[in-house]
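Okay, so the sequence shown: first residue is 1272 according to this note's numbering, each after it adds one.
By construction, the Cβ of each residue, glycine as well, lies at the ideal position given by its N, Cα and C atoms.
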Amino acid sequence: MEKSPQMKPMKQNEEKRSQKGLWIFLGFSVLLYLVVLLSDKHKAFQAAVLFYHLALEIFPFLLVVFVLMVLINLFLKPSTLIKYMGEDSGIKGWLIAILAGILSMGAIYLWFPILKNMMDKGVKPGLVATFLYNRGIKLHWLPVMVLYFDMKYVIILTIVTVLVSVVQGLVINFILTSNGKAGIERGG
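Below, the structure written as structure tokens:
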């Protein structure tokens, strides 16, 4: 996946737009907070306290995500990721995505930067979609589901979820295909 010279400026422009959007969002948030501060100081203080507690709660998870991203960047070379989850990964890529999705833990939004990083290194977008879809299967909840429903229902639901996750991944790859090669056109 060699980048052509004209693709590099496109990626730089997209990164600038993305950064600009983040600054706009931050500016809007600060402006909104100032409006609340001017209209109701008590509510503004409550919001600041809630934000502080939320930040303290989320920080350890963000630290774990940061460490995982560093480890991925250090030890998982793009060639390794592409081999197991890239264009020619075959059935093993789908199996890895399914199992990783089922076994993954934590809040889903914490996985987004990790998955984006992996896609930037060559992981097929359909495999990422399959991973995300299979997060709906939680092994620790299966006994509870059996208790409320029954074994047959839970088995059928789990199998259908896995099968549909692959269909969803294939559809994502098909939609994002360019000249027969799956990938997202963002210069990489």
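Here's the rule: buried if 16 or more other CB atoms are within 10 angstroms of the residue's CB, otherwise exposed. What is residue 1326?
Exposed, since its Cβ has fewer than 16 Cβ neighbours within 10 Å.
At the 9 Å Cβ level, is residue 1325 part of the contact set with chain D, yes or no?
In the structure shown, chain D does not exist; there is a single protein chain.
Taking one C-beta from the region 1414-1428 and one from the region 1362-1380 each time, how about it: are there three or more such pairs within less than 8 Å?
Three or more Cβ pairs closer than 8 Å define a contact, and the region 1414-1428 falls short of that threshold against the region 1362-1380.
Could you tell me the boundaries of the alpha helix (DSSP H) in which residue 1383 lies?
Element bounds for residue 1383: 1383-1391.
Would residue 1323 be called buried (16 or more neighbouring beta carbons within 10 Å of its own) or exposed?
Answer is exposed; the Cβ neighbour count stays below 16.
Round the Cβ separation of residue 1336 and residue 1293 to the nearest angstrom and send it over; I've been treating them as touching at under 8 Å.
17 Å between Cβ atoms; not a contact.
Flag this pair as yes or no: are the beta carbons of residue 1416 and residue 1434 separated by less than 9 Å?
No, the pair does not count as a contact, with Cβ atoms beyond the cut-off.
Reference residue 1364; option with closest CA among 1407, 1400, 1383
Distances from the CA of residue 1364 to each of 1407, 1400, 1383 were compared; the closest alpha carbon is that of 1400.
6 Å Cβ shell around residue 1402 - same chain, five flanking residues per side excluded:
1368, 1371, 1372, listed in sequence order.
Are the beta-carbon atoms belonging to residue 1447 and residue 1396 less than 9 Å from one another?
Cβ atoms of residue 1447 and residue 1396: closer than 9 Å.
Drop a sphere of 10 angstroms on the beta-carbon of residue 1361, count the other beta-carbons inside from all chains shown, and report buried for 16 or more, exposed for fewer.
By the beta-carbon neighbour count (other beta carbons within 10 angstroms, threshold 16), residue 1361 is exposed.
Cβ pair residue 1460, residue 1343 closer than 9 Å:
What the structure shows of the chain is the stretch from 1272 to 1459, and residue 1460 is not part of that stretch, so it cannot be assessed.
Could you give the distance in angstroms between the alpha-carbon of residue 1408 and the alpha-carbon of residue 1304?
Their Cα atoms are separated by approximately 39 Å.
Start-to-end residues for the alpha helix (DSSP H) that takes in residue 1426
Taken as a continuous stretch (DSSP letters only), the alpha helix (DSSP H) holding residue 1426 covers 1422-1446.
In terms of residue numbering, what span does the alpha helix (DSSP H) encompassing residue 1370 cover?
Start and end: 1361-1374.
For a test of the three-state rule: what should DSSP assign to residue 1306, helix, strand or coil?
It is helical.
From residue 1404 to residue 1312, what distance separates their C-alpha atoms?
Approximately 43 Å, taken between the alpha carbons.
Which of the three DSSP states, helix, strand or coil, is assigned to residue 1394?
Residue 1394: coil per DSSP, three-state reduction.
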